[in-house]
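Using my numbering, read the sequence shown as starting at 159 and increasing by one per residue.
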Amino acid sequence: MLEIVRPGDRHYAAVRDVYTATGRPAAVARPSSTAEVVEALRLAREAGGPLSVRSGGHGISSIATNAGGTVVDLSRLNAVERLDGNMVRVGPGARWGDVAAALHPWGLAISSGDSGDVGVGGLATTGGIGLMGRAHGLTIDHLVAAELVTADGMVRRIDADHDPELFWAVRGAGANIGIATSFEFRADPVPVVGHATLQYRVDDLPRFLRDWGETVESAPRSVSAFLYLMGTEFALATVVYAGDDAELAGRAFGPFTAVAPVLGQRAQLVPYAGVVAATHAPHRGQQGASTHTGLAVHLDGPVTAGLADLAATGTTDMLQIRSTGGAVNDVPEDATAYAHRHQNFSVTAISGAGGPPFDEAWDRVRPSMDGLYLSFETSFSPSLLEAAFPPATLNRLRDIKRTVDPDGVFNQNFPVGLPSESSGAEGRGVPHRSGTPASATASTSV
Ligand SMILES: Cc1cc2nc3c(=O)[nH]c(=O)nc-3n(C[C@H](O)[C@H](O)[C@H](O)COP(=O)(O)OP(=O)(O)OC[C@H]3O[C@@H](n4cnc5c(N)ncnc54)[C@H](O)[C@@H]3O)c2cc1C
159 MLEIVRPGDR
169 HYAAVRDVYT
179 ATGRPAAVAR
189 PSSTAEVVEA
199 LRLAREAGGP
209 LSVRSGGHGI
219 SSIATNAGGT
229 VVDLSRLNAV
239 ERLDGNMVRV
249 GPGARWGDVA
259 AALHPWGLAI
269 SSGDSGDVGV
279 GGLATTGGIG
289 LMGRAHGLTI
299 DHLVAAELVT
309 ADGMVRRIDA
319 DHDPELFWAV
329 RGAGANIGIA
339 TSFEFRADPV
349 PVVGHATLQY
359 RVDDLPRFLR
369 DWGETVESAP
379 RSVSAFLYLM
389 GTEFALATVV
399 YAGDDAELAG
409 RAFGPFTAVA
419 PVLGQRAQLV
429 PYAGVVAATH
439 APHRGQQGAS
449 THTGLAVHLD
459 GPVTAGLADL
469 AATGTTDMLQ
479 IRSTGGAVND
489 VPEDATAYAH
499 RHQNFSVTAI
509 SGAGGPPFDE
519 AWDRVRPSMD
529 GLYLSFETSF
539 SPSLLEAAFP
549 PATLNRLRDI
559 KRTVDPDGVF
569 NQNFPVGLPS
579 ESSGAEGRGV
589 PHRSGTPASA
599 TASTSV
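Following this line, the structure appears as structure tokens:
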């Protein structure tokens, strides 16, 4: 029987909030089968009000809680099963750390993000810029089929032969078209990886960023590298070599020690599961922050100058620079609804305080960016929608949306709007968030 948790129930406190915000939903439906997801969706539509779809509860572009509406919480759909060979089936409610731990004994891994607590559902419907991305592509590039519950309550298996348009859309804009209830991925045979962490002292930020960018781009594509900058003088890096050859990994890591003075470093061979372990910390809205994001082809010229100026404003608590490129860019841009296949970096600025000073500081960086990965952006406007989805992608998504979700039931996460609505989702009751979400309350900062 479908469990529904309401205010006053014993378990309400455990299910009302997410990682990035607190909430006050009227009902949290906790399905344990696809049939119960269908029922939960029907009840939510009958109840009216906001509908939030939650997998791991780590959403940034869309918070998976609300005030007064319904949450469909998929955390119980968290099975990880092996199918044939390298094929695995994963529930949306699994966390990526748990997926990595389950795949390890089978000698397999799937590149996901840098946090093992992130849920499968949110990440696998938008992209998945991961620590083996340059070697093996985005998470969505491993998706072979999915099960989807659409707004009409139909359960569809979508793949290259069945509902191919929906299969295209789920890989980049899945939240627009339905609730994904399972994913079939082709995993890679890389259970063990080289994992290096480095701490840098930064003396000249624009130059450091340029040298970092050149080092990443000249590295073999078996190397992916994420950089985290605090202020203007200190940076942490995670560099992953997608393979278990210690000598090759060491050789690949070498150039990263020459980017700037290294204050500390560590390199080891570890199971990929050890790089992205899940903590399962309870959700209390503990990471409510504002973020802005963009993609960049190279870290040079106006990009590095702009990011250095941004860091100097003091409005930004952390700058994250994730490598993309490599195998990510082998995929044609019209193959999936994530169309950004020529950039080499994803840049995200995080601010605990948020507000106009942060927004204005980022506005000066934005013109140097080339597209946007929606998963890292907390604000929404039609112009950002156009950065997330180039015109051909957006038009195709709107045609699909008109067919599969004509009533705009799924309107929480960069909603593309219908073809008749030139301005996208603005004015359709979609929550807008810049710092504090409209429908729930973000609390502490990063
Ligand atoms: C600490 C942290 C680190 C991160 N690092 C990375 C990274 O390295 N790389 C990267 O690519 N991303 C990263 N992200 C972003 C992350 O991929 C997104 O925030 C993602 O949406 C989280 O997935 P979730 O299932 O936990 O989210 P949830 O909060 O459960 O869902 C977020 C939104 O996704 C949609 N959604 C969720 N499940 C489904 C479903 N089953 N079907 C349809 N739509 C659904 C809904 O609109 C929902 O509101 C990070 C996020 C955090 C908080």
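Even glycine gets a Cβ: it sits at the ideal position worked out from N, Cα and C.
Assign residue i to one of three DSSP states: helix, strand, or coil.
i	result
Gly-277	strand
Ser-190	coil
Arg-168	coil
Ser-580	For Ser-580, the predicted structure reports a pLDDT of 42, less than 50, and the residue's modelled location is therefore unreliable. A value from the coordinates is still provided. Coil, per DSSP.
Ala-519	helix
Leu-532	helix
Gly-352	strand
Leu-296	coil
Arg-480	strand
Leu-385	strand
Ala-202	helix
Arg-359	strand
Thr-180	strand
Leu-457	coil
Return the first residue and the last residue of the alpha helix (DSSP H) that residue i is part of.
i	result
Val-328	322-331
Ser-380	From DSSP, Ser-380 is part of no alpha helix (DSSP H); its letter is neither H nor E.
Leu-543	540-546
Leu-552	549-562
Take residue i and list the residues in its own chain whose beta-carbon comes closer than 8 Å to its own, dropping the five residues that flank it on each side.
i	result
Met-290	Ala-267, Ser-269, Asp-346, Val-348, Val-351, Ser-382, Val-398, Ala-400, Tyr-430
Thr-415	Leu-356, Gln-423
Ala-171	none
Glu-375	His-456, Gly-483, Asn-502
Near residue i, what residues of its chain come up, given a Cβ to Cβ distance below 6 Å and the 5 sequence neighbours on each side ignored?
i	result
Ser-220	Gln-570, Asn-571
Ser-190	Arg-234
Gly-336	Leu-306, Val-307, Thr-308
Arg-182	Ala-225
Ser-526	Pro-460, Val-461, Gly-464
Asn-236	Gly-249, Gly-251, Ala-252
Tyr-177	Gly-215, His-216, His-441, Gln-445
His-262	Pro-349, Pro-429, Ala-431
Trp-264	Arg-240
Using a Cβ-Cβ cut-off of 7 Å (strictly less than) and excluding sequence neighbours within five positions of residue i, which residues of its own chain qualify?
i	result
Ala-293	Arg-379, Ser-380, Ser-382, Ala-400, Gly-484, Ala-485
His-169	Val-163
Asp-231	Val-173, Val-186, Ala-187, Arg-188, Arg-212
Val-455	His-500, Gln-501, Asn-502, Asp-528
Thr-283	Val-328, Gly-332, Ala-333, Ala-338
Thr-494	Ile-298, Trp-326, Arg-329, Gly-330
Ile-614	As displayed, the chain neither begins before 159 nor continues past 604, which places residue 614 out of reach and without an answer.
Thr-551	Ala-495, Ala-497
Would you say the beta carbon of residue i is closer than 6 Å to some non-hydrogen atom of ligand 1?
i	result
Ile-287	yes
Ser-220	yes
Leu-532	no
Arg-247	no
Ala-216	Here the sequence assigns His to residue 216, which means Ala is not the residue at that position. Because some heavy atom of ligand 1 lies under 6 Å away, the Cβ of His-216 counts as near it: yes.
Gly-279	yes
Gln-570	yes
Ala-338	yes
Asp-175	no
Arg-315	no
Ala-333	yes
Arg-240	no
Pro-250	yes
Thr-283	yes
Val-211	yes
Asp-299	no
Gly-271	yes
Val-276	yes
How would you write the range of the beta strand (DSSP E) that residue i sits in, first residue to last?
i	result
Thr-113	Residue 113 is absent from the model: the chain starts at 159 and stops at 604.
Arg-315	313-317
Thr-339	337-344
Val-163	161-163
Val-302	301-307
Looking at chain D, is there any beta carbon in it that lies within less than 7 Å of the beta carbon of residue i?
i	result
Gly-217	Protein chain content of the structure displayed is limited to a single chain, and chain D is not contained in it.
*Could you pull out every unbroken alpha helix (DSSP H) segment of at least 4 residues lying fully inside the region 388-432, listed in chain order?*
404-411
(Q) As an exercise, report each continuous alpha helix (DSSP H) stretch of at least 4 residues that is fully enclosed by the region 207-264, in chain order. (A) 254-261
Segments of 4+ residues assigned as alpha helix (DSSP H) that fall wholly inside the region 459-514
459-471
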